[in-house]
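Student: Dropping a structure here in structure tokens format, bear with me for questions.
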Amino acid sequence: MGAGVLKGPVPVKEKETTGEAVVPQQAAENAQLNGLMQLAEAAQAVGAFSVVDVDSAAERDPLSAAPAYPRDLLAKSVAGYATLRFVVDSTGLIDMGTVKVIDSTHPAFVTAVRDAMPKMRFRPAMMGRNPVRQLAEQLFDSDYLELFESIFICS
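Counting from 1 along the sequence shown, just add 378 to a position and that's the residue number in the numbering used here.
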């Protein structure tokens, strides 16, 4: 036989792997499930329900107070955000003792959000016909510096 012609199967040494194969969609779903489980555990720790436990989740009233954009950052055209976790009680107010910063781009954004929180109003979470405490996580974002009052977008 000529050069380059194989005489049968070539043995290939494969790496041994453990566990199940995970496709990207499964990995994303697992990460989301883990995140929801962590949120449920955090909610239980503060005596509240998580978003998956309630019939309808707490929602910020569109007419509620909003954080004022930090003037020094506005003057410098600095965009940013703050993500905070907190309990909305059964009356629609934030339990300030439960506020925790998850992430932020600048401490001034956190201060602005914390200062506005006592004046914010929510429709409380419901279980059946009963309003209940719910742990919420909210992103306050500032992409549009010109829109002073509507700068913070809640999601």
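All C-beta atoms, glycine included, are put in the ideal place defined by N, C-alpha and C. For clarity, every value in this text was computed on a predicted model and none was experimentally measured.
#1: If you check the beta carbons only, do residue 426 and residue 513 fall under 7 Å apart?
#2: Using only the alpha-carbon positions, how far apart do residue 456 and residue 480 sit?
#3: With residue 490 and residue 446 assumed to form a contact (beta carbons below 8 Å), what rounded beta-carbon distance in angstroms separates them?
#4: Could you name the residues of the same chain whose beta carbon sits closer than 7 Å to that of residue 468, not counting the 5 residues immediately before and after it, in chain order?
#5: Would you call the CB atoms of residue 466 and residue 424 closer than 7 Å?
#6: What does a CB cutoff of less than 7 Å around residue 498 pick up in its chain, not counting 5 residues either side in sequence?
Tutor: On the basis of the supplied data:
#1: Translated into the one-based positions of the sequence shown, residue 426 becomes position 48. Translated into the one-based positions of the sequence shown, residue 513 becomes position 135. Taking 7 Å as the Cβ cut-off, residue 426 and residue 513 qualify as a contacting pair.
#2: Taking the first residue of the sequence shown as 1, we reach residue 456 at position 78. Taking the first residue of the sequence shown as 1, we reach residue 480 at position 102. Roughly 20 Å between the two C-alpha positions.
#3: Taking the sequence shown and counting its residues from 1, the one referred to as residue 490 is at position 112. Taking the sequence shown and counting its residues from 1, the one referred to as residue 446 is at position 68. Contact flag correct, Cβ pair sits at about 6 Å.
#4: The sequence position of residue 468 within the sequence shown is 90, counting from 1. The residues are 502, 509, 510, 511.
#5: In the sequence shown, counting from the first residue as 1, residue 466 sits at position 88. In the sequence shown, counting from the first residue as 1, residue 424 sits at position 46. No, the Cβ-Cβ distance between residue 466 and residue 424 is not below 7 Å.
#6: Position 120 of the sequence shown, counting from 1, holds the residue named residue 498. Only 438, 442, 443, 472 meet the Cβ criterion.
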